[in-house]
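K.L.:
Starting off with a structure, shown below.
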């Protein structure tokens with residue numbers, strides 16, 4: 020073999036070794052992030068909160084408005100539950116179906132712009148907003164607009180806990196609420 024072939028082989032080998040090292044490093048980093056998130060959440064999930072899936076929640080069956088639910092969670096040092104993935108939402112939906120309370124529950128979804136069709140829905144968590152990454156509203160929902168101020172989000176019991184948009188401060192839409200820490 021000539022010198023050029025040896026150098027090409029050594030260079031190719033070095034690239035493969037570097038790619039393997041990067042792959043191993045990234046996998047270890049991801050494992051550490053997942054473990055840290057789990058440990059952080061597990062440490063804080065004490066009574067009256069309960070572990071449901073990967074989250075730590077408090078399900079309250081008092082009937083209040085959406086604005087009151089937001090304030091009551093904040094007063095507890097929590098926030099209305101955010102379900103940033105469809106998996107999180109489905110896990111909670113199954114939990115609520117098993118409890119079979121018949122209650123609707125306010126969660127942390129808010130419409131921040133009722134002037135565009137179907138609104139601009141965000142998860143609100145400690146003053147931060149996160150855009151929805153999936154769509155789990157019931158058929159015909161959301162149906163609020165700039166004349167019908169339905170800017171809060173319910174897990175709606177009659178539709179097996181699909182999302183509905185409802186007014187935040189209307190005494191006709193009272194429900195339980197779910198806090199998350």
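Numbering (this note's numbering), first residue to last: 20 to 200.
Where is the CB? At the ideal position from N, CA and C, for every residue including glycine.
Buried or exposed: residue 76, going by 16 or more other Cβ atoms within 10 Å of its Cβ?
P.N.:
buried
K.L.:
What's the gap between the Cα of residue 66 and the Cα of residue 92?
P.N.:
If I take the Cα positions, the gap works out to 15 Å.
K.L.:
Could you have a look at residue 85 and say whether DSSP puts it in helix, strand or coil?
P.N.:
helix
K.L.:
Under 8 Å: do the stretch 156 to 164 and the stretch 123 to 143 share three or more Cβ pairs, one atom per stretch?
P.N.:
yes
K.L.:
When you compare each of 90, 99 and 78 to residue 148 by their alpha carbons, which one comes out closest?
P.N.:
99
K.L.:
Could you tell me the distance, in whole angstroms, from the CA atom of residue 185 to the CA atom of residue 168?
P.N.:
Each residue's Cα considered, the two are about 8 Å apart.
K.L.:
Tell whether a beta-carbon distance below 8 Å holds between residue 86 and residue 198.
P.N.:
no
K.L.:
Give the straight-line distance between the Cα atoms of residue 68 and residue 196, rounded to the nearest whole angstrom.
P.N.:
13 Å
K.L.:
Taking just the CA atoms, how far does residue 134 sit from residue 200?
P.N.:
32 Å
K.L.:
Which residue from 191, 177 and 154 puts its Cα closest to that of residue 121?
P.N.:
177
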